[in-house]
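Engineer: Each residue of the sequence shown is one higher than the last, beginning at 55 in our numbering.
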Amino acid sequence: MKIEELASYTNLELAWRRITTGANAPYKRYFRQMYYSYEIALGKNLTELQARVKGGSFAPGEVRRIYLPKQSGLHRPITLLSLEDQILLQAIANLVAKKIQPRRKPMQMRYVFSNILQDPNSIFFFYDWKQTYHRFQRQIEQHYQSGLKWVGDFDLAAFYDTISHELLLKTAYPKLAITDDVNRILGWLKIWASVRPAAAHGHGIPQGPIASDFLAECFLLPVDKNLAIDTSFVRYVDDLRVLGRSEEEVRRGVIKLEMLCRERGLIPQIGKYAIRQATSLRDALGMLPSIAAPHDTGLAPRMGRSEAIRLFRKALAGRKQHIADKTRARYVLYRADRSPQLLTYVLRLLPRHPEHVDAFVHYLSQYSGTKRIREAVLGLLASSPYEYVKGEMWHLLARMLRIPLLLDKATRQKLVTEAVDATKSRKVGVAIKWGALDFLCVADQLGFGRYGEFLRYLDSAILQALLVPVIPVDRFEKPESDGVIARLLKRTAPEPGLMLAEPLAHYGLAPKNFGVTDESVASQAANVLMAVGIIKGVHKHVDPLGEILVRRYGIPNWGGWRNLLGGQYVHAVGLLAQADPVFLSGPSRWLTLQNSFNQALFLAIQGHLRAAGLPGEVATIGRNGQLVDFGTTVQSGNQFSKAYPVIADVFRDMNTRRNKLPSTHPYDKKTTSQNVYLKPQERNKYLARLGHAYKEAIRICT
Numbered sequence: 055m056k057i058e059e060l061a062s063y064t065n066l067e068l069a070w071r072r073i074t075t076g077a078n079a080p081y082k083r084y085f086r087q088m089y090y091s092y093e094i095a096l097g098k099n100l101t102e103l104q105a106r107v108k109g110g111s112f113a114p115g116e117v118r119r120i121y122l123p124k125q126s127g128l129h130r131p132i133t134l135l136s137l138e139d140q141i142l143l144q145a146i147a148n149l150v151a152k153k154i155q156p157r158r159k160p161m162q163m164r165y166v167f168s169n170i171l172q173d174p175n176s177i178f179f180f181y182d183w184k185q186t187y188h189r190f191q192r193q194i195e196q197h198y199q200s201g202l203k204w205v206g207d208f209d210l211a212a213f214y215d216t217i218s219h220e221l222l223l224k225t226a227y228p229k230l231a232i233t234d235d236v237n238r239i240l241g242w243l244k245i246w247a248s249v250r251p252a253a254a255h256g257h258g259i260p261q262g263p264i265a266s267d268f269l270a271e272c273f274l275l276p277v278d279k280n281l282a283i284d285t286s287f288v289r290y291v292d293d294l295r296v297l298g299r300s301e302e303e304v305r306r307g308v309i310k311l312e313m314l315c316r317e318r319g320l321i322p323q324i325g326k327y328a329i330r331q332a333t334s335l336r337d338a339l340g341m342l343p344s345i346a347a348p349h350d351t352g353l354a355p356r357m358g359r360s361e362a363i364r365l366f367r368k369a370l371a372g373r374k375q376h377i378a379d380k381t382r383a384r385y386v387l388y389r390a391d392r393s394p395q396l397l398t399y400v401l402r403l404l405p406r407h408p409e410h411v412d413a414f415v416h417y418l419s420q421y422s423g424t425k426r427i428r429e430a431v432l433g434l435l436a437s438s439p440y441e442y443v444k445g446e447m448w449h450l451l452a453r454m455l456r457i458p459l460l461l462d463k464a465t466r467q468k469l470v471t472e473a474v475d476a477t478k479s480r481k482v483g484v485a486i487k488w489g490a491l492d493f494l495c496v497a498d499q500l501g502f503g504r505y506g507e508f509l510r511y512l513d514s515a516i517l518q519a520l521l522v523p524v525i526p527v528d529r530f531e532k533p534e535s536d537g538v539i540a541r542l543l544k545r546t547a548p549e550p551g552l553m554l555a556e557p558l559a560h561y562g563l564a565p566k567n568f569g570v571t572d573e574s575v576a577s578q579a580a581n582v583l584m585a586v587g588i589i590k591g592v593h594k595h596v597d598p599l600g601e602i603l604v605r606r607y608g609i610p611n612w613g614g615w616r617n618l619l620g621g622q623y624v625h626a627v628g629l630l631a632q633a634d635p636v637f638l639s640g641p642s643r644w645l646t647l648q649n650s651f652n653q654a655l656f657l658a659i660q661g662h663l664r665a666a667g668l669p670g671e672v673a674t675i676g677r678n679g680q681l682v683d684f685g686t687t688v689q690s691g692n693q694f695s696k697a698y699p700v701i702a703d704v705f706r707d708m709n710t711r712r713n714k715l716p717s718t719h720p721y722d723k724k725t726t727s728q729n730v731y732l733k734p735q736e737r738n739k740y741l742a743r744l745g746h747a748y749k750e751a752i753r754i755c756t
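1. Name the one or two DSSP bridge partners that Met357 has.
2. Val527 by DSSP, collapsed to three states: which one?
3. Ends of the alpha helix (DSSP H) at Phe684?
4. Which two residues bound the contiguous alpha helix (DSSP H) that contains Arg606?
5. Counting along the chain, where does the alpha helix (DSSP H) carrying Gly562 start and finish?
6. Take Ile177 and list the residues in its own chain whose beta-carbon comes closer than 8 angstroms to its own, dropping the five residues that flank it on each side.
7. Secondary structure at Thr133, three-state DSSP: helix, strand or coil?
8. With burial defined as no fewer than 16 other Cβ atoms inside 10 Å of the residue's Cβ, what is the status of Gln420: buried or exposed?
9. With distances taken Cα to Cα, identify the nearest neighbour of Gly109 among Gly562, Gly667, Ala631, Thr718.
10. Please name the residue or residues paired with Ser286 in a DSSP beta bridge.
11. Starting from Asp209, follow the beta strand (DSSP E) in both directions and report where the run begins and ends.
12. Mind checking whether Leu618 and Ala751 have CB atoms under 9 angstroms apart?
13. What is the rounded straight-line gap between the Cα of Met55 and the Cα of Phe268?
14. Are the CB atoms of Leu370 and Pro263 within a distance shorter than 9 angstroms?
15. Among His560, Ser535, Ala555, Met553, which residue has its Cα nearest to the Cα of Lys566?
16. Nearest to Val308 by alpha carbon, out of Ala580, Glu93, Asp207?
17. Does the distance from the CB of Gln125 to the CB of Val205 come in under 9 angstroms?
18. Check for me: the beta strand (DSSP E) holding Asp122 runs from which residue to which?
19. Which residues in the same chain as Ala390 place their Cβ atom closer than 7 angstroms to its Cβ, once the five residues preceding and following it in sequence are excluded?
20. To the nearest angstrom, how far is it from the Cα of Leu135 to the Cα of Leu715?
21. What's the call for Leu520, buried or exposed, on a 16-neighbour Cβ count within 10 Å?
22. If you check the beta carbons only, do Leu542 and Gln518 fall under 9 angstroms apart?
23. Closer than 8 angstroms: is that where the CB of Leu741 sits relative to any heavy atom of the ligand COA?
24. Excluding the 5 residues preceding and the 5 following Val186 in the sequence, name in chain order all residues of the same chain whose CB lies nearer than 7 angstroms to its CB.
25. State the CB to CB distance for the pair Leu339 and Leu314, rounded to an integer number of angstroms; the pair is presumed to be in contact (CB under 8 angstroms).
26. Tell me which residue opens and which closes the alpha helix (DSSP H) that Arg330 is part of.
27. Ends of the alpha helix (DSSP H) at Trp448?
28. Using a Cβ-Cβ cutoff of less than 8 angstroms, which residues in the same chain neighbour Pro276 once the five nearest sequence positions on both sides are dropped?
29. Of the residues Phe287, Asp293, Trp246, which one's Cα is nearest the Cα of Arg305?
This is how it looks when you write it as structure tokens:
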């Protein structure tokens with residue numbers, strides 16, 4: 055797998071089309087408006103993404119997780135990736151699909167029925183899940199009718215979280231060599247699999263994107279092929295059924311399946327393992343696999359009251375009436391019109407079934423608000439142990455705020471205090487913060503306080519972007535140079551700027567109205583603002599070197615790096631692009647590469663000093679025509695060190711420390727003691743000093 059192929063414009067565009075046409079509506083609802091905005095300048099944005107990836111300046115954005123309640127009482131993590139991370143993850147899946155599909159195709163619709171690929175070049179990644187799911191059921195029926203009436207149910211625990219990245223790539227590319235390109239891709243996968251970069255690990259893929267659904271299928275391909283040799287089975291994602299004519303036959307198949315899974319680091323879910331004799335077709339079908347509900351978009355034809363009640367009752371079971379048929383129940387809740395009888399069912403079931411809270415909230419959102427709904431929502435906000443449920447209750451309360459007298463003053467003030475506390479807390483997750491800030495922004499709009507400003511202090515750009523639609527109108531009507539909108543426009547992450555494009559166009563405003571220069575806006579957002587006429591002029595080309603320095607060292611965005619480095623620009627980018635990814639994972643490797651970049655930059659600065667007749671010039675070429683040692687050129691007391699000590703001191707110290715790495719020299723030349731590797735604390739001290747040095751370099755050259 056090569057970066058050149060991965061980052062081809064054709065592959066990136068196909069990745070984008072597959073993301074936007076994907077049937078994973080529950081995931082896409084977080085990003086839909088961002089997708090629309092990014093699409094406005096798609097050609098320019100993809101071209102720049104291609105330049106960043108090939109130039110080495112691309113770095114994964116933030117990773118946030120939302121934890122959805124499951125029927126078991128545990129959680130299903132949904133990983134929110136930045137837009138361009140989603141594109142690259144899908145671009146990886148595109149290449150893997152082309153490589154692995156000839157081997158997977160014989161298994162499809164015979165043994166495997168989930169995430170079935172369309173044509174390799176189709177913008178639609180998978181066939182309609184309804185068709186493949188129906189075939190899955192039909193295959194079980196055929197096995198049952200042929201006499202295979204013993205069934206072994208087998209499930210995997212934390213399936214997505216246990217997928218090995220290296221083993222995944224080697225499944226698609228059996229002769230995979232661990233090149234620099236492959237290491238970059240593995241580095242991205244590590245970050246996408248972890249919420250905290252410092253805790254990145256080599257296993258797990260993010261749940262939510264359709265790319266991950268296919269990569270998970272690929273990881274199971276060796277299991278499928280080996281099991282199919284002598285075992286009858288069907289699989290839908292990680293739910294497997296082994297079928298046979300006797301209990302012993304099924305047991306042998308299940309044991310083989312377990313061994314195959316454990317060889318790949320997968321963990322069987324013991325609680326769901328069982329072997330049973332089916333006495334009917336219904337019994338053979340058993341508990342259907344847990345599947346996403348891509349049809350839950352709220353855009354389907356509406357359902358009348360009588361039909362909704364009839365179907366919803368069929369989904370219930372037991373004396374206390376719990377939801378037994380989740381597919382039928384969710385189908386009704388996303389389509390039913392308002393009904394007093396159905397509302398009673400919903401309010402009664404709401405606390406019992408947190409796994410369906412999104413469907414309940416969708417149904418309740420039709421109501422402007424009643425005292426019954428208010429009491430149910432307040433009760434669940436106070437008692438639910440699930441953050442996602444609490445977040446959804448905050449969203450409902452935000453709607454209720456708009457209804458006069460539904461929330462009295464004392465209740466409203468109490469809720470505002472709780473929402474502010476949730477916003478400030480570091481222990482509270484994305485779901486609660488999103489809901490609480492939705493509530494605070496609506497309170498701000500209604501004149502209860504200036505709570506919308508809390509958005510500016512969030513560290514999550516994705517969360518800020520989700521809240522743009524509820525930013526109080528007066529922030530646009532009375533622009534402020536240091537207000538919340540100015541802060542969002544200055545984010546290096548593009549998502550907030552992309553979401554601001556529509557309201558800025560609506561109010562006829564530009565970044566300058568908020569005291570923000572066009573250059574300060576993330577290039578992806580700036581491209582969109584130019585496309586709709588908000589920003590005039592031509593945006594600068596992508597500068598991979600400058601982007602890495604801005605992101606890592608917090609220096610100003612300066613467009614002169616290409617001119618300063620001249621013909622050495624590409625070489626310098628290569629050094630920096632290799633150094634930056636190992637900043638956290640390999641301090642000593644980072645020091646060696648960053649030191650080489652510093653020397654390249656130093657030589658470019660010397661060229662500028664000579665051309666401009668500025669002080670600080672020193673000899674860089676010796677009498678023998680060879681380069682003078684870097685340490686000599688930045689030694690203490692020479693002309694450069696006197697003129698620019700901020701640069702010289704850190705360059706000299708880093709070069710000296712680099713010479714004392716075991717990989718450079720095993721022993722210290724003067725003391726003969728053993729050299730040691732760079733420690734993270736040492737690296738962090740260099741980080742701040744380098745930021746000042748690079749700022750000084752910009753000052754010299756402007």
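In this text, a Cβ means the ideal position worked out from N, Cα and C, and glycines have one as well. Please read all numbers here as calculations on a predicted model, not as lab measurements.
Structural biologist: Well, looking at it:
1. Translated into the one-based positions of the sequence shown, residue 357 becomes position 303. DSSP, once it has assigned bridges, lists Ala390 as partnering Met357.
2. In the sequence shown, residue 527 corresponds to position 473, counting from 1. Three-state result, Val527: coil.
3. Within the sequence shown, numbered from 1, the residue matching residue 684 stands at position 630. That run of the alpha helix (DSSP H) goes 684-687.
4. Within the sequence shown, numbered from 1, the residue matching residue 606 stands at position 552. Here the alpha helix (DSSP H) through Arg606 covers 598-607.
5. Sequence index remark: in the sequence shown, residue 562 carries index 508 (1-based). Premise fails: Gly562 is in no alpha helix (DSSP H) and is neither H nor E.
6. Counted from its first residue, the sequence shown places residue 177 at position 123. Contacts found: Leu68, Arg71, Arg72, Thr75.
7. Position 79 of the sequence shown, counted from the start, is the residue given in the question as residue 133. Three-state result, Thr133: strand.
8. Stepping through the sequence shown from its first residue, residue 420 is reached at position 366. It is exposed - the Cβ of Gln420 has fewer than 16 other Cβ atoms within 10 Å.
9. As a working mapping, residue 109 is identified with position 55 in the sequence shown. Gly109 has its Cα closest to that of Ala631, out of Gly562, Gly667, Ala631, Thr718.
10. Indexing the sequence shown from 1 puts residue 286 at position 232. Paired residue(s): Leu297.
11. If you number the sequence shown from 1, residue 209 lands on position 155. From DSSP, the beta strand (DSSP E) with Asp209 extends over 204-211.
12. Residue numbering aside, residue 618 sits at position 564 when the sequence shown is read from its first letter. Residue numbering aside, residue 751 sits at position 697 when the sequence shown is read from its first letter. The answer is yes: Cβ separation under 9 angstroms.
13. Reading the sequence shown from its first residue, position 1 is the one you call residue 55. Reading the sequence shown from its first residue, position 214 is the one you call residue 268. Rounded to the nearest angstrom, the two C-alpha atoms are 17 angstroms apart.
14. Residue numbering aside, residue 263 sits at position 209 when the sequence shown is read from its first letter. Residue numbering aside, residue 370 sits at position 316 when the sequence shown is read from its first letter. Not in contact: Pro263 and Leu370 (Cβ atoms no closer than 9 angstroms).
15. As a working mapping, residue 566 is identified with position 512 in the sequence shown. The residue with the shortest Cα to Cα distance from Lys566 is Ser535.
16. As a position in the sequence shown, residue 308 is number 254, starting the count at 1. Ranking the options by Cα distance to Val308, first place goes to Asp207.
17. Walking along the sequence shown from the start, residue 125 turns up at place 71. Walking along the sequence shown from the start, residue 205 turns up at place 151. Going by C-beta atoms, Gln125 is not nearer than 9 angstroms to Val205.
18. Sequence index remark: in the sequence shown, residue 122 carries index 68 (1-based). Reading the sequence as shown, one finds Leu at residue 122 and not Asp. From DSSP, the beta strand (DSSP E) with Leu122 extends over 117-123.
19. Sequence index remark: in the sequence shown, residue 390 carries index 336 (1-based). Hits under 7 angstroms: Met357, Ala362, Leu396, Tyr417.
20. Numbered from its first residue, the sequence shown carries residue 135 at position 81. Numbered from its first residue, the sequence shown carries residue 715 at position 661. When rounded, the distance between both Cα atoms is 37 angstroms.
21. Here the question's residue 520 lines up with position 466 in the sequence shown. Burial call: buried.
22. Here residue 542 refers to the residue found at position 488 of the sequence shown. Here residue 518 refers to the residue found at position 464 of the sequence shown. In this structure, Gln518 lies closer than 9 angstroms to Leu542 by Cβ.
23. As presented, the structure is devoid of all ligands, the ligand COA included, so that no description of it is given.
24. On the sequence shown, position 132 is the one that residue 186 refers to. What sits at residue 186 in the sequence shown is Thr, not Val. So the list reads Phe167, Ser168, Ile170, once near-sequence residues are dropped.
25. Start at 1 with the first residue of the sequence shown, and residue 339 comes out as number 285. Start at 1 with the first residue of the sequence shown, and residue 314 comes out as number 260. So it is not a contact: roughly 24 angstroms between Cβ atoms.
26. Counting from 1 along the sequence shown, the entry for residue 330 is found at position 276. Unbroken run through Arg330 is the beta strand (DSSP E), 328-331; no alpha helix (DSSP H).
27. Here residue 448 corresponds to residue number 394 of the sequence shown, with the count starting at 1. Where Trp448 is concerned, the enclosing alpha helix (DSSP H) stretches over 441-454.
28. Residue numbering aside, residue 276 sits at position 222 when the sequence shown is read from its first letter. Excluding sequence neighbours, Pro276 sits near Thr225, Leu314, Arg318.
29. On the sequence shown, position 251 is the one that residue 305 refers to. Comparing Cα positions, the closest option is Phe287.
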